[in-house]
Structures are given as C-alpha cells and as structure tokens.
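Asks: Residue numbers (the UniProt record's numbering), protein chains in the order written: chain A, 1 to 149; chain B, 1 to 149; chain C, 1 to 149. Glycine included, each C-beta is placed from N, C-alpha and C at the ideal position. Structure in structure tokens, see below.
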Amino acid sequence: MSIMPPDVRQAVADLMTEYCYRVDRLEDGNAELLALFTSDAVCDFSPIGLPEMTTREAIKGFYDSVFEDMTHHFHMIANHRPESWDGTVAVMTAYVMGLGRSSDGNTVDVKVRYRMECVEEGGRWKIRRYTISPGMPLPGSLGEIHGER
Amino acid sequence: MSIMPPDVRQAVADLMTEYCYRVDRLEDGNAELLALFTSDAVCDFSPIGLPEMTTREAIKGFYDSVFEDMTHHFHMIANHRPESWDGTVAVMTAYVMGLGRSSDGNTVDVKVRYRMECVEEGGRWKIRRYTISPGMPLPGSLGEIHGER
Amino acid sequence: MSIMPPDVRQAVADLMTEYCYRVDRLEDGNAELLALFTSDAVCDFSPIGLPEMTTREAIKGFYDSVFEDMTHHFHMIANHRPESWDGTVAVMTAYVMGLGRSSDGNTVDVKVRYRMECVEEGGRWKIRRYTISPGMPLPGSLGEIHGER
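Written out as structure tokens, the structure reads:
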C-alpha cells in the first residue's frame, strides 16, 4: 500500500464534495447524481439502519424516493482522510453533517462518516463502494424519511 | 473556460476562509473585512431575503450594523467547488454554517451557500461579487437581526 | 516569518484532522491519540473554562476521563488557516464543531477554534501546544462533562 498521490487525493475529495452538491440539488431528477457511481457500485447504508443496495436499480430506487420526498438537503463534508491507495482504488473517509426536510415537514439531522472506494473510469473518478456509518446517535426521523416503506 | 489552476484555487479558497475569520472577529471595526472586497464589489444577499448592495457605502453600512449588533459569530465553511476560471475571474462556491448571537440575545443559525467571484488586485485576491443562497429553510431571526430597519 | 510551504501546510492540516478522528474513536484507549503530542506538549483549554495541562500526565489524565465518560464524539474541523512558520514550528488555526454524548446521557455541542503549534519529530508532525478558544457561547454541559471533578 503506497501513499495516495496528491492529484488522486484531490480528485477523490472533489468527487465526495460533488456527491454532496448533487444529492442536495433536488431538481431535474437524479441522473447527474447516479452518474457519479460505477455501474456495479454498492451502497451500504446498513450501519445507519438503512438498506444495503447492491444493484444499480436498487441505488436508483433509493435516490428516486429521496428526490421525490425531500424539499431541502444540505450535506456539509469535512475531515477528509485518505485511507488507502493500491494504484487503482482510492479509499477516502470524511465526516458529514447531513440535514434534510421532507415534503411532509419532517426533518432529519445526522452526523455521519462517509467511506468511498473510488476508481477512475473513462477519465472520471467514480464511486465503486459507498458506506455510511454513524458519528452521533441517529434520530428516529432518519428511518421515517429514508427507510424502506 | 479552462480548469482553475491549483494556486488560484488555493488562493480563492483561502480568501473565502479569511472572509469567515474576519466577519467573525467582531472587534476593532470592519475595515479588515471590507479590505477583502474590490472597490466596485457587489453583495447580493437577496436570495436569502436580505439586501442587494451595489456600492461600497451600502456594503459598509450593512457590515457596520452587523458589527454593532452581534456579540458572537461563527461561520464554518466547507464544500469548496471551483465553478469557473477565465484567466482573470475565479468563481468558487462553498457551503457555510453561519451562527450568530446579537446583543439583545437573539440567535441565528443558517445553512447557506456562498458564491464568490474573485479577482487579483495589486497582488491580492479580492471579492468582486458575493452571493448568498439558501441551503436549508431560513429562520425568521435572520431578517430580525440582519434585515433593513 | 515566511510563508508555510504547501507540504507543511498539508501535513499540519492532516494532523489536526487526525486529532479529530482519534479523539472520536472512543475505543481501545487513548494511546494513539496521545501519540500525536510531543512529550513536552501543553494543552491550554482555559479559554473555554477547562484546565491548562502542562505535563504528559495531566494531558493523559484529561483524556482518560474523556475516553471513560463519553459514548459518542464527533469533531468536524474546517476553516484551516496557516498562522506562522519559522522553518521549524508551524502554527495553524481551524474551526471545530465538537459534539459529544456521555454515558449518563448528557450532551455537549461546542463551536470553538483550535490553535495548534506543530513540529516534526522523528519524521512525524506532532502537536507541541494546543489551545481551544470559544466561537459561540459555550453550553453549561461542557464543564459538567469535561470539567475537573
């Protein structure tokens, strides 16, 4: 395992920031957001009590609900830390304060960690595996808003 | 439109951070804060229900009130994203959690986005146009504290 | 006083982030956290009403209590600003939102500034002096949770 080169580190940190911008832009559908993931990406939100999604369809279904239900989103990301780099796969973690408001007036405020495994595909960095784990205790509204229904 | 060079990106991100430090230092007047703006700078806070200010005098007047009224400020900035670079003008957006407390005990807590158009002037990067737009729904106390009176 | 070189700036910012990760990992003791400090490090938390600690034993004692009492920690750091660099000592400040929950169910939420004086020791950057100062007014629970008992 070698040190993550500065350009890879910047690209992956930018990818994580871009994820926040796109998940917060609750307009015009989620195609731009989904374009940040590889076609075989896995999203494991089970550490915070939400689904693990192992197919493109499952991921799209999750974000379809998010974009349909939420009127406001604000995901602030910091504490970027390179975890590993093997020459192909870059793993980075970061802290996120995630705020949201749903159309029925419910609100959610989570303090979590993102871990993203990223690879370059056709000249663009993409997310291959995305895990969310808890920072502070999670509010009950998280399951109400984003849980399986 | 070309890619923003790393040194410009760093300088503009630093300028946005410096804005936060100076707007949070509610002592010794606001001359150091105002020095971050070009003489013809425009501040458009209308997307969050506050004034658009198109003259130096108007900007100074706004911050005079802020520095007079507020006892505490805390502006945490993250999610820096280069938007454009034409060789002269660098545009960057970022997310800000802005907290404040006024001398009458009122408090404000906003989650917003800053967009700053920046140019180099006499060897220093300065803000030419500064726009604030909402992230999460804004509290009523924002207008009470910073609105026109 | 010269400009802090980019590699020093990155190393010190990473050290501050690492401090957050390690103070938030409330498992397996605090040896990894303490390893971030020089043997003669001083922690001055008196600006926020907590102790000033001038010996390794005092610092260890403070963090022993923290790791014993707290069930959750979340320290989000941003607004990194290089303050000075003399060729040996790098000083950087940053803003921190520090959240915690103790085993008796008490919670703490502080908005503070960290100032760290850092030096390289045996190829690793370490904290020689660490000061916390208030951003927003501090909650009473801060002293209840972390104060001297």
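Which residues mark the beginning and the end of the alpha helix (DSSP H) in which residue 160(B) is found?
Replies: No statement about residue 160(B) is possible, as the shown extent of chain B runs from 1 to 149 and does not include it.
Asks: Between Tyr130(C) and chain A, is the shortest Cβ-Cβ distance under 8 angstroms, so that the two count as touching?
Replies: So, not an interface residue.
Asks: Anyone know if the C-beta pair for residue 218(C) and Val119(C) falls short of 8 angstroms?
Replies: Given a span of 1 to 149 for chain C in the structure shown, any question on residue 218(C) remains unanswerable.
Asks: In terms of residue numbering, what span does the beta strand (DSSP E) encompassing Asp104(B) cover?
Replies: From DSSP, Asp104(B) is part of no beta strand (DSSP E); its letter is neither H nor E.
Asks: Of all the options Gly87(A), Ala58(A) and Gly100(A), which has the alpha carbon lying nearest to the alpha carbon of Pro5(A)?
Replies: With distances taken between Cα atoms, Pro5(A) lies closest to Gly87(A).
Asks: Roughly how many angstroms separate the alpha carbons of Cys20(C) and Ile132(B), rounded to a whole number?
Replies: Roughly 29 angstroms between the two C-alpha positions.
Asks: Within this structure, are the beta carbons of Leu36(C) and Lys126(C) separated by less than 8 angstroms?
Replies: Yes, Cβ-Cβ distance for Leu36(C) and Lys126(C) is below 8 angstroms.
Asks: Applying the criterion that 16 or more other CB atoms from any shown protein chain within 10 Å of the CB defines a buried residue, is Gly122(A) buried or exposed?
Replies: Label assigned to Gly122(A): exposed.
Asks: Counting only Cβ pairs nearer than 8 angstroms, list the residues of chain B close to Arg81(C).
Replies: In chain order: Asp14, Thr17, Glu18 and Tyr21.
Asks: Check the Cβ-Cβ distances between Ala78(C) and every residue of chain B, and say whether any is below 8 angstroms.
Replies: Yes, Ala78(C) counts as interfacial toward chain B.
Asks: I want to see whether chain C comes within less than 8 angstroms of Pro47(A), judged by CB atoms only; does it?
Replies: Taking Cβ atoms only, chain C never reaches closer than 8 angstroms to Pro47(A), which makes this a no.
Asks: Quick one: list the residues of chain B neighbouring His72(A), beta-carbon separation under 8 angstroms, in chain order.
Replies: Chain B residues near His72(A): Gly135, Met136 and Pro137.
Asks: Whose C-alpha, out of Leu99(B), Gln10(B) and Trp85(B), is nearest the C-alpha of Ile145(B)?
Replies: It is Leu99(B) whose Cα lies nearest to the Cα of Ile145(B).
Asks: Please list, in chain order, the residues of the stretch 109-125 of chain B that have any C-beta partner in chain A closer than 7 angstroms.
Replies: Within the stretch 109-125 of chain B, the residues whose Cβ lies closer than 7 angstroms to some Cβ of chain A are Lys111, listed in chain order.
Asks: So Leu113(A) and Gly135(A) are supposed to be a Cβ contact under 8 angstroms. How far apart are they, rounded?
Replies: For the record, residue 113(A) in the displayed sequence is Arg; it is not Leu. That belief holds up - the Cβ atoms of Arg113(A) and Gly135(A) are roughly 6 angstroms apart, short of 8 angstroms.
Asks: Please classify Ile3(C): is it buried, with 16 or more other beta-carbons within 10 angstroms of its beta-carbon, or exposed?
Replies: It is exposed - the Cβ of Ile3(C) has fewer than 16 other Cβ atoms within 10 Å.
Asks: Could you work out which residues of chain C lie near Met97(A), taking near to mean beta carbons separated by less than 7 angstroms?
Replies: Going along chain C in sequence order, the residues near Met97(A) (Cβ under 7 angstroms) are Met76.
Asks: Do Val42(A) and Met53(A) count as a contact pair if the criterion is CB distance below 8 angstroms?
Replies: Closer than 8 angstroms, so yes.
Asks: Rounded to whole angstroms, what is the Cα-Cα separation between Gly64(C) and Ser39(C)?
Replies: It is Asp, not Gly, that sits at residue 64(C) in the sequence shown. So the two alpha carbons sit approximately 17 angstroms from each other.
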